[in-house]
Amino acid sequence: MNPTPPGNRKSRHSGQSQTEDSPAREDFDPSSDAVIGRAFWWSVIVLLILGGAAGGLIAWIKWRAPAPSKITALTEPRLPEVSADKMPLAPFTDITSAARLRFVHNNGAYGDKLLPETMGSGVAFLDFDNDGDQDLLFVNSTYWPGKVPAGKAPATCALYRNDGTGHFDDVTAGSGLDMSFYGMGVAVGDYDNDELDDVFITALGQNRLFRNLGNGKFADVTGQAGVAGATEEWSASAAWIDLDNDGDLDLFVCNYVRWSREIDFEVDYRLVGIGRAYGPPMNFPGTFHYLYRNDGGGRFTDVSEQSGVRIKNPATGVPMAKSLGVAPVDINGDHWIDLVVANDTVQNFVFTNQHNGTFKEIGAKAGIAFDIYGQTRGAMGIDAARFRNDDALGIAIGNFANEPNALYVSQRDALVFADEAITEGVGPASRLLLKFGLFFFDYDLDGRLDVLTANGHLEEEISKVQQSQQYRQPAQLFWNSDSSRGFRYVPVPPERCGADIFKPVVGRGSAYADIDGDGDLDVVLTQNGGPPLLLRNDQQLGHRWLRLKLVGTRSNRNAIGAWVKVRVGNNTLSRQVMPTKGYLSQSELPITIGLGKAETAAEVVVTWPDGSSQKVDQVKIDSVNVIRQK
């Protein structure tokens, strides 16, 4: 705070000051000794009375005042250390080139530092040809209009077919997905229940829906489906969900901020010593989400307004959302899908399903809207899981640089959460990094869900103004330690999982799948303006596993939203069928459950999205089991 200049300081007194030039005078007779004497003695008496009263008042205050309080210094919880040799040896190997992936993300950057350039892009594992192995779809952006370099063609998405061994063939050309637009994220789901996975791609501008025709062909059905959205919107993550439990998939779409080139230049974010830079979204207007109800026959109705997912700032009445990620999950156990939305610099949302096509936003009441200090954070990727193998649900969120991960955990009331990122171990160690992609998965197949984040900064030259920050950043892997240690998460060092997974990248999207049929989960990370990183899981711990592919009959064909409970010894492992995870991305639909050293699964129970329960007998360990709804 700057001090007030001396000439501008104001007197603390409210009356006018007296000066020698204008004294306050009063006429009286100075020769009246009697008057002066009486005045003197009366003054003495009054002073004695006032002095006695003041002394009594001081004594009373001292008697009433409490003893000085002792302030106890608060220290961060100290949790038991886990030595590296206690962690599993489970290396990840970079096989990007060996797998024949040649994709390079094109953000179209040409020097004007337009915000969308630094925010993409997403990736999806999907079985588009229904042959039982997981293929790859990379979302691409493209050159800006009028900025296509000479001799260059506009960029398109890239579709790769898996040959079953973790090697991929580029089958983009002629697939129908070889269209050029400024893509961002992806959602995979069989919206017409024909047993072929369809693809929805979000974009800057209008979004795209591609119907899977089979034989490696997709058709752009955006117009007839009615899900394009507005040309002035910027969509991010999206999710296929069955919001009304009618057996087909509806569509929820996050919109980020209201952006245009003109607004970007008006905001004109700058860094000292750098000039124009990619900035935070605070000065961009908020937006509303899209929610589309599936009416069958390939058509959707926009029910965003009447469903309650359009949130306005209560003070200004303008759209509030600045959404980047969504975690669809039944948070209260009523068998209706709810939505937890990660917002960037505004409060997170929790939409609870009211069973009548509408949602109620309770983020603040649930304890997920803010951090423990009541502040908003820069939330990016998000995922939900029962990571403790009990009834508690965890909502993990990757936040901006110098903001730790959040891990909101349900309390006795299923609709009340507390951020336990510090005590669970995923908070302090993550603070420095800028987190985007984030998901739970069991990389060592020990039956406990671990956490992986993909990280990278927005600004290429950030290290010039923040020496602690780098543009390219390593991923971070947290191992879920043994239950005797309270399921604390521990950062995994390179000597326990290899150096390849920690290669510095401009990390954005992330996803996992078993690409080579060996039961463990492999990982892909996308890089803004660069190639992806495909990491093969080479663990050889001897842990058993169980893979389940669920097929709905009365429920949606993908069984999205179903829960599987597997009893292993004294533990019950709960896993949700939900490909929407992290940031702009989709992981595989089959679920993998690590059994550790257990030879059998004592009990397997599926709770389908419609709430019906089905006990599964005679599952095969170390194998894929296809379970059809009865």
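Per the numbering used here, residue -5 is the first one in the sequence shown, and the count goes up by one each step. Cβ atoms here follow ideal geometry from the backbone N, Cα and C, with glycine treated the same way. Predicted model, so just to flag it, every value in this text is computed and none were measured.
Simplified DSSP state of SER254, which is helix, strand or coil:
On the sequence shown, residue 254 is found 260 positions in, with the first residue counted as 1. It is coil, neither helix nor strand.
Report yes or no: do three or more beta-carbon pairs, one from the segment 136 to 145 and one from the segment 113 to 120, lie closer than 8 Å?
The segment 136 to 145 vs the segment 113 to 120: no contact.
Could you spell out the range, first to last residue, of the alpha helix (DSSP H) harbouring ILE416?
Residue numbering aside, residue 416 sits at position 422 when the sequence shown is read from its first letter. Start and end: 415 to 418.
For LYS354 and chain D, any beta-carbon pair shorter than 8 Å?
In the displayed structure, chain D is absent; only one protein chain is listed.
Since ASP577 contacts GLY503 with CB under 8 Å, what's their CB separation in whole angstroms?
To locate residue 577, count along the sequence shown from 1; it is residue 583. To locate residue 503, count along the sequence shown from 1; it is residue 509. Here residue 577 is Tyr; the residue named in the question, Asp, does not match the sequence. By a beta-carbon distance limit of 8 Å, TYR577 contacts GLY503. Their separation comes to about 6 Å.
Chain-order list of residues whose beta-carbon lies under 8 Å from that of SER457 (same chain, five-residue window excluded):
For the purposes of this step, residue 457 is taken as the residue at position 463 of the sequence shown. Closer than 8 Å at Cβ, skipping near neighbours: GLN463, GLN464, TYR465.
Using DSSP with H/G/I as helix, E/B as strand and the rest coil, what is ASP88?
In the sequence shown, the residue the question calls residue 88 occupies position 94. Strand.
Which of helix, strand or coil does DSSP assign to GLU453?
Reading the sequence shown from its first residue, position 459 is the one you call residue 453. Note: GLU453 maps to coil in three-state DSSP.
Please state whether DSSP places LEU109 in a helix, a strand or coil.
The count along the sequence shown starts at 1 and reaches residue 109 at position 115. DSSP places LEU109 in helix when its eight states are reduced to three.
Per DSSP, what kind of secondary structure is ALA61 in: helix, strand or coil?
For the purposes of this step, residue 61 is taken as the residue at position 67 of the sequence shown. With a pLDDT of only 40 at ALA61, under 50, the local geometry of the prediction cannot be trusted, and no value is derived from it.
With GLY375 and PHE430 assumed to form a contact (beta carbons below 8 Å), what rounded beta-carbon distance in angstroms separates them?
Numbered from 1 along the sequence shown, position 381 holds the residue referred to as residue 375. Numbered from 1 along the sequence shown, position 436 holds the residue referred to as residue 430. At roughly 5 Å, the Cβ-Cβ gap stays under 8 Å, so GLY375 and PHE430 are in contact.
Cα separation between VAL518 and TYR506?
Mapped onto the sequence shown, residue 518 falls at position 524. Mapped onto the sequence shown, residue 506 falls at position 512. The alpha-carbon of VAL518 is positioned some 6 Å away from that of TYR506.
Name the two residues that bound the continuous beta strand (DSSP E) containing SER231.
Counting from one through the sequence shown, the residue named residue 231 turns up at place 237. In the DSSP assignment, SER231 falls within the unbroken beta strand (DSSP E) covering 229 to 235.
Per-residue DSSP class, three states only, for ARG561
As a working note, residue 561 is residue 567 in the sequence shown. When DSSP states are grouped into helix, strand and coil, ARG561 belongs to the strand group.
Leaving out five residues on either side along the sequence, give the residues of the same chain with a beta carbon under 7 Å from the beta carbon of HIS451.
Mapped onto the sequence shown, residue 451 falls at position 457. Excluding positions up to five away in sequence, the list reads ALA395, LEU428, GLN463, GLN464, TYR465, GLN467.
Of all the alpha helix (DSSP H) runs that stay within the bounds of the segment 250 to 338, which reach a length of 4 or more residues?
Every alpha helix (DSSP H) stretch that sits fully inside the segment 250 to 338 and reaches 4 residues is listed by chain position as 255 to 261, 298 to 301.
Taking only the alpha-carbon atoms, compute the straight-line gap between LEU95 and ILE509 and give it to the nearest angstrom.
Looking up residue 95 in the sequence shown gives position 101. Looking up residue 509 in the sequence shown gives position 515. So the two alpha carbons sit approximately 13 Å from each other.
Measure the Cβ-Cβ separation of ASP337 and ALA373 and say whether it is below 8 Å.
Residue numbering aside, residue 337 sits at position 343 when the sequence shown is read from its first letter. Residue numbering aside, residue 373 sits at position 379 when the sequence shown is read from its first letter. One point to set straight first is that residue 337 is Asn, not Asp, in the sequence displayed. One thing to note: ASN337 has its Cβ within 8 Å of the Cβ of ALA373.
May I ask you to report which of helix, strand or coil DSSP gives PRO485?
For the purposes of this step, residue 485 is taken as residue 491 along the sequence shown, with counting starting at 1. The three-state secondary structure of PRO485, taken from DSSP, is strand.
Please classify GLN218: does DSSP put it in a helix, a strand, or coil?
Position 224 of the sequence shown, counting from 1, holds the residue named residue 218. Of the three classes helix, strand and coil, the one that applies to GLN218 here is helix, per DSSP.
Rounded to the nearest angstrom, what separates ALA596 and THR547 at their Cα positions?
Start at 1 with the first residue of the sequence shown, and residue 596 comes out as number 602. Start at 1 with the first residue of the sequence shown, and residue 547 comes out as number 553. Across the structure, ALA596 and THR547 are spaced so that their CA atoms are roughly 26 Å apart.
Where ILE366 falls, given that 16 or more other Cβ within 10 Å makes a residue buried:
Taking the first residue of the sequence shown as 1, we reach residue 366 at position 372. Counting the other Cβ atoms within 10 Å of the Cβ of ILE366 gives fewer than 16, which makes it exposed.
Judging by CA-CA distance, which residue of LEU203, GLN570, GLN623 is the nearest neighbour of ALA556?
Sequence index remark: in the sequence shown, residue 556 carries index 562 (1-based). The option with the nearest alpha carbon to ALA556 is GLN570.
How about ARG538 and ASP438: do their beta carbons lie closer than 8 Å?
Translated into the one-based positions of the sequence shown, residue 538 becomes position 544. Translated into the one-based positions of the sequence shown, residue 438 becomes position 444. Result no, Cβ atoms of ARG538 and ASP438 do not sit closer than 8 Å.
Which residues does DSSP list as the beta-bridge partners of ASN396?
If you number the sequence shown from 1, residue 396 lands on position 402. Note: ASN396 sits in no beta bridge, so no partner.
Report, in whole angstroms, the separation of the C-beta atoms of THR370 and GLN341, which I expect to be a contact under 8 Å.
On the sequence shown, position 376 is the one that residue 370 refers to. On the sequence shown, position 347 is the one that residue 341 refers to. Between THR370 and GLN341, the beta carbon gap of about 5 Å places them in contact (Cβ cut-off 8 Å).
If we ignore side chains and look at the alpha-carbon of each, how far apart do ALA469 and LYS497 end up?
The residue given as residue 469 occupies position 475 in the sequence shown. The residue given as residue 497 occupies position 503 in the sequence shown. Cα to Cα, the separation comes out at about 7 Å.
Where does LYS497 fall in DSSP's three states?
Within the sequence shown, the letter at position 503 stands for residue 497. In this structure, LYS497 counts as coil in the three-state DSSP scheme.
Identify the continuous beta strand (DSSP E) that holds ALA423 and give its terminal residues.
Locating residue 423 in the sequence shown gives position 429, counting from the first residue. Per DSSP, ALA423 belongs to no beta strand (DSSP E) and is neither H nor E.
Cβ of LEU409 within 8 Å of Cβ of ILE331?
Residue 409 sits at position 415 when you count from the first residue of the sequence shown. Residue 331 sits at position 337 when you count from the first residue of the sequence shown. Taking the C-beta atoms as reference points, ILE331 is found no nearer than 8 Å to LEU409.
Determine the contact status of ASN100 and ASN134, defining contact as a CB-CB distance below 8 Å.
As a working note, residue 100 is residue 106 in the sequence shown. As a working note, residue 134 is residue 140 in the sequence shown. Yes, the Cβ-Cβ distance between ASN100 and ASN134 is below 8 Å.
Nearest CA to the CA of GLY320: which residue from LEU443, SER229, VAL297?
In the sequence shown, residue 320 corresponds to position 326, counting from 1. Going by the sequence as given, residue 320 is Val instead of Gly. Minimum Cα distance to VAL320 is reached at SER229.
In angstroms, rounded to a whole number, what distance separates the CA positions of ALA448 and GLN300?
Here residue 448 refers to the residue found at position 454 when the sequence shown is read from its first residue. Here residue 300 refers to the residue found at position 306 when the sequence shown is read from its first residue. Each residue's Cα considered, the two are about 36 Å apart.
Where DSSP assigns a beta bridge to LYS211, which residues make up the other side?
For this step, residue 211 is matched to residue 217 along the sequence shown. Beta-bridge pairing links LYS211 to GLY208.
Span separating the alpha-carbon of PRO422 from that of GLU414:
Locating residue 422 in the sequence shown gives position 428, counting from the first residue. Locating residue 414 in the sequence shown gives position 420, counting from the first residue. Those two C-alpha atoms are separated by around 11 Å.
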